[in-house]
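Visitor:
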Amino acid sequence: MDSIIKLNNIEKSYTNGKVKNQVLTDFSWNFERNCFTVLAGPSGSGKSSLLNILATLDRPDSGIYILDGQIINFEKKKELTRLRKENFGFIFQSFNLIPVLSALENVELPLTLFKYREKERYTMAEEALTLVGLRDKINKRPYEMSGGEQQRVAIARAIARHPKIIFADEPTANLDRKNAWNIVHLMKDLNEKEGLSFVIASHDEKVIQTGKEVIQLGE
Numbered sequence: 222m223d224s225i226i227k228l229n230n231i232e233k234s235y236t237n238g239k240v241k242n243q244v245l246t247d248f249s250w251n252f253e254r255n256c257f258t259v260l261a262g263p264s265g266s267g268k269s270s271l272l273n274i275l276a277t278l279d280r281p282d283s284g285i286y287i288l289d290g291q292i293i294n295f296e297k298k299k300e301l302t303r304l305r306k307e308n309f310g311f312i313f314q315s316f317n318l319i320p321v322l323s324a325l326e327n328v329e330l331p332l333t334l335f336k337y338r339e340k341e342r343y344t345m346a347e348e349a350l351t352l353v354g355l356r357d358k359i360n361k362r363p364y365e366m367s368g369g370e371q372q373r374v375a376i377a378r379a380i381a382r383h384p385k386i387i388f389a390d391e392p393t394a395n396l397d398r399k400n401a402w403n404i405v406h407l408m409k410d411l412n413e414k415e416g417l418s419f420v421i422a423s424h425d426e427k428v429i430q431t432g433k434e435v436i437q438l439g440e
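Counting in our numbering, the sequence shown tops out at residue 440, every number present.
The following block contains the structure:
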């Protein structure tokens, strides 16, 4: 099996006053290339905690995290920042688009962190927006687009560099049912046709039904 990420015996807890809340206990999983894995479970079940650990935004209490065969040291903050920049894409519940920038500029902006020429950045952003069906909206600003279109821009931003894996946190939560379903199908198409790997935290039954693998947390 060709794993991108391996988690071995991960533990995670939070303390609120004198109360300890154990959210992950001895959790192990292999996340394969071209995965479409859904983290499911009720609020407080550990979905967000697991997603944040996978994205190296939070550290486990114990256990081993392996990315492409390399054990990750959560003490090395600069290395974690570089790792996220080079390997991961992110899709958020609230879109996180910059209002004064066009769709193209929103997708292009993160690419300025890399050594691409301006023409390369433009082409990559345009291609990503075309993949999500927004070629005709590249000059529109967020306030000129629907919620579904804004989330498509956010997806284009996440996939522009074809990252090793894309983490999505409740990507349909702020959308109506029609737009939510369209976004689910878009991510699934990108997985099947472009070979992109997704890990999605969601309590949306439509999202859960499309998962190649579903990790049910909180049981």
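Beta carbons: idealized from backbone N, C-alpha and C, even for Gly.
Roughly how many angstroms separate the alpha carbons of Ala422 and Lys336, rounded to a whole number?
Guide: Roughly 32 Å between the two C-alpha positions.
Visitor: Check whether the Cβ atoms of Glu415 and Leu355 sit closer than 9 Å, and answer yes or no.
Guide: Taking 9 Å as the cut-off, the beta carbon of Glu415 is found no closer than this to the beta carbon of Leu355.
Visitor: Assign Gln372 to buried or exposed, taking buried as 16 or more other Cβ atoms, counted over all protein chains shown, within 10 Å of its Cβ.
Guide: buried
Visitor: Hey, is Ile319's beta-carbon within less than 9 Å of any beta-carbon in chain C?
Guide: The structure shown has no chain C; it contains just one protein chain.
Visitor: Are the CB atoms of Ile386 and Val420 within a distance shorter than 9 Å?
Guide: yes
Visitor: Would you kindly check if the distance between the Cβ of Ala349 and the Cβ of Val328 is under 9 Å?
Guide: Going by C-beta atoms, Val328 is nearer than 9 Å to Ala349.
Visitor: With H, G and I counted as helix, E and B as strand and the rest as coil, what does DSSP make of Gly284?
Guide: strand
Visitor: Can you pull the DSSP bridge partners for Ala422?
Guide: Leu260 and Asp390
Visitor: What three-state label does DSSP hand Ser249 in the structure shown?
Guide: strand
Visitor: Considering only residues of the same chain and omitting the five flanking positions on each side of Asn229, which have a CB-CB separation below 7 Å?
Guide: Ser249, Gly284 and Ile285
Visitor: Taking just the CA atoms, how far does Met366 sit from Lys399?
Guide: 15 Å
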